[in-house]
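All the letters of the sequence shown, read from the start, carry residue numbers -16 to -1, 1 to 500 under mature numbering (1 follows the signal peptide of the UniProt record, and there is no 0). We treat Cβ as the ideally placed atom computed from N, Cα and C, and that holds for glycine.
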Amino acid sequence: MSKIMLLLFLIGITNGYKILAFLPVPSNSFIRGFHPLLQKLANRGHFVTVYSIHPLEPPVPKNYNEVIVDNVFLNSEKLASILKTVTVSNNPWGSLQAQMVLGVPMSEAIFQLPQVQHLLASEENYDLVITCPFLAMESFMGFSSKFKAHTISVYANSPVPLHGYYSGDPPKYTYIPNLRFPYTNEMTLLERLENTLFGLYETVWSEMFYIPQQEALMHKYFTGLEHPPLSAMLRNISFYMYDITQTHSFIMPQLPNHIYIGGMTTIKHTSLPEDLQMWLDDSPYGVIFFSLGSNSKATDLPKDTLQIILNVFSKVQQKILMKWESDQLLDKPKNVKISKWLPQTDILAHSNCKLFITHGGMHSLIETVHFGVPFIGLPLFVDQEHNLMKLVEKGIGIYLRLENLSEDTLRENIREVITNRSFKENTIKLSKIMQDLPSTSLETAVFWTEYVLRHNGASHLRSSGLQLLWYQHHMLDIYFIIFILPILTVVILLYLIKKIVKIFKAKKIAKVNKFD
């Protein structure tokens, strides 16, 4: 009966709400991850307006209004340089600092886009704003205030400390590593110490220095409006959605207004292009699929690294299907087929796909698990090593650092993953776990989006911890009373006793001298 009710709910057309999805993130994969949700909301009768850098693939619902904006990083060498530091740096502290430096100029560049200027002047009304404030875009919370709308925060990975701080979720530094660190949930004492200090630094620095800068920017562009403090607006976010699955995340307690909705992109199309279908079918030893995602290009790999990869590919039995962003590949081995674009989910779903060599983007990892294909990871960005480590420990793949890559290591690891059946078996097992849910990720995301709208922001789901100040949130006042205050009390008492003894000794000496 419950399944029938759920089906009726998902098929039925709801009362139409007006939804603004303000997602001008400079990443094609980011917006593609949320396209299924936005498309489904429009199909269910809501009026959806989307600001992004990448259009929705057809069919586009009639009540889906799309505003395509420029990728601000393509027009600014300065922003592109800072972004590279944020994403590529092996120094977590430097990466965080660069993100803080990036946030204000990036947000200002987006504010200055003509389409965004038009939205700032708009007198439209919206019931809900879907946005991504914790991607250095906090000042855009002004749209929620301008339109007096509820807010859903979306994010393309696991929660970070700022999500917890602004939603009243207690810190988890001792067993959940920050995504900037290549740690597992079994950290050493020194790793836990660094992870804790990093989380504290990120929270305090954001609250005291970074958020005030974003707030000043918000007031600069949202003129003539009365806004609450930006930190209060962040604490007023109704709901949080993460484009990740429990399978791909370290397990942690969650507030009821935080959910994982990863997997919305794992949709297999009806058929592959005929030539590609025949090529995959005619592969007696199987196919190795090589792709570095939509944000990275294989053509940008260092020449030495590319040559290592091609040399190894030329010596394996399998065919190689390679995403290559150019018409030609110099010294291309005979068993390698290149293409500027490839239907990733359809290829991973093919029975002859034996291995996926990936950069470790979250969508790629969700899709490779969904279709039961083991992987070798070659992380390029700061969060991808973190993504890969979570799955490597589950025995479904291996990751290699590009700076240490050699022909021997790559060849041996390809052989190991393909011939050692445990990798395939573990991947299939994990795939079954990931898909064994009461509803799909898309159904879950649609339900909770409409839940927030039906229940006027769903404030009853929010944590009581929101009323705490940052030092209370981290229990620093409690630790002070338990540990520091007793020590201070003892030190003061010892000091007073020493002073009193000294006074008595002085009086005694003075008295003796008087009689002498």
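For residue i and residue j, I'd like the C-alpha separation in whole angstroms.
i	j	result
Tyr194	Ser128	20 Å
Lys132	Leu112	9 Å
Glu107	Pro154	39 Å
Ser123	Leu4	16 Å
Val474	Leu184	28 Å
Leu314	Ser267	23 Å
Lys489	Pro470	28 Å
Which of helix, strand or coil does DSSP assign to residue i?
i	result
His211	coil
Tyr150	helix
Tyr244	strand
Lys483	helix
Thr115	strand
His134	strand
Thr158	coil
Gly344	coil
Met(-12)	Interpretation of Met(-12) is limited by its pLDDT of 46, a score under 50 that renders its predicted location unreliable; the figure taken from the coordinates is listed afterwards. Helix at Met(-12).
Gly449	helix
Leu437	helix
Tyr383	strand
Lys338	strand
Met31	One detail in the question is off: residue 31 reads as Phe in this sequence, not Met. In the structure shown, Phe31 sits in a strand (DSSP, three-state: E or B).
Phe297	helix
For the alpha helix (DSSP H) containing residue i, list its first residue and its last residue.
i	result
Ser323	Per DSSP, Ser323 belongs to no alpha helix (DSSP H); it is in the beta strand (DSSP E), 320 to 323.
Leu264	258 to 265
Asn49	Counting along the chain, Asn49 falls outside any alpha helix (DSSP H), though it belongs to the beta strand (DSSP E) covering 48 to 52.
Gly78	76 to 95
Val376	368 to 376
Tyr269	It is not in any alpha helix (DSSP H) - Tyr269 carries neither H nor E in the DSSP assignment.
Lys462	Note on residue identity: the sequence assigns Ile, not Lys, to residue 462. Its alpha helix (DSSP H) spans residues 460 to 463.
Thr180	173 to 189
Ile195	195 to 205
Go through its chain and collect everything with a Cβ distance to residue i's Cβ below 7 Å, but skip five positions before and after it.
i	result
Gly(-1)	Gly29, His30, Phe31
Leu389	Thr289, Ile292
Phe118	Ser137, Tyr139, Val144, Leu146, His147
Ala442	Ser222, Phe223, Asn241, Tyr435, Val436
Ser278	Asn12, Ser13
Short of 8 Å in beta carbon distance, which residues of its chain neighbour residue i, apart from the five on each side in sequence? Order them along the chain.
i	result
Asp461	Tyr455
Ser335	none
Asp259	none
What residue range is occupied by the uninterrupted beta strand (DSSP E) comprising residue i?
i	result
Ile402	Per DSSP, Ile402 belongs to no beta strand (DSSP E); it is in the alpha helix (DSSP H), 391 to 403.
Leu5	The amino acid occupying residue 5 in the given sequence is Ala; Leu does not appear at that position. Residues 2 to 6.
Phe223	223 to 226
Lys307	303 to 307
Taking 6 Å as the limit between beta carbons, can you name the residues of its chain near residue i, skipping five residues before and five after?
i	result
Tyr48	Ala26, Val32
Thr115	Phe6, Phe124
Leu305	Val271, Phe273, Lys321
Leu276	Ala282, His343
### Task
Spell out a yes or no on whether the region 162 to 171 and the region 116 to 131 are touching, meaning 3 or more CB-CB pairs, one atom from each, closer than 8 Å.
Taking 8 Å as the limit for Cβ pairs, the verdict is that the region 116 to 131 does not touch the region 162 to 171.
### Task
Spell out a yes or no on whether the region 271 to 287 and the region 206 to 226 are touching, meaning 3 or more CB-CB pairs, one atom from each, closer than 8 Å.
A contact is defined here as three or more CB-CB pairs under 8 Å, and the region 271 to 287 fails this definition with respect to the region 206 to 226.
### Query
Any chance the region 222 to 236 sits against the region 132 to 142, with 3 or more Cβ pairs inside 8 Å?
With the cut-off at 8 Å, the region 222 to 236 and the region 132 to 142 touch.
#### Entry: Inter-stretch contact (C-beta, 8 Å, three-pair minimum) for the region 34 to 52 and the region 9 to 25
Short answer: they touch.
### Query
Would you call the region 410 to 419 and the region 373 to 383 in contact, with 3 or more CB pairs under 8 Å?
Contact holds between the region 410 to 419 and the region 373 to 383, because three or more Cβ pairs, one in each stretch, are under 8 Å apart.
### Query
Using 8 Å as the threshold, is the region 386 to 401 in touch with the region 348 to 367, meaning 3 or more CB pairs across them?
Taking 8 Å as the limit for Cβ pairs, the verdict is that the region 348 to 367 does touch the region 386 to 401.
### Message
Contact between the region 463 to 479 and the region 231 to 241 is defined here as three or more beta-carbon pairs at a separation below 8 Å; is this criterion met?
### Response
With a cut-off of 8 Å on Cβ pairs, the region 463 to 479 is not in contact with the region 231 to 241, counting fewer than three such pairs.
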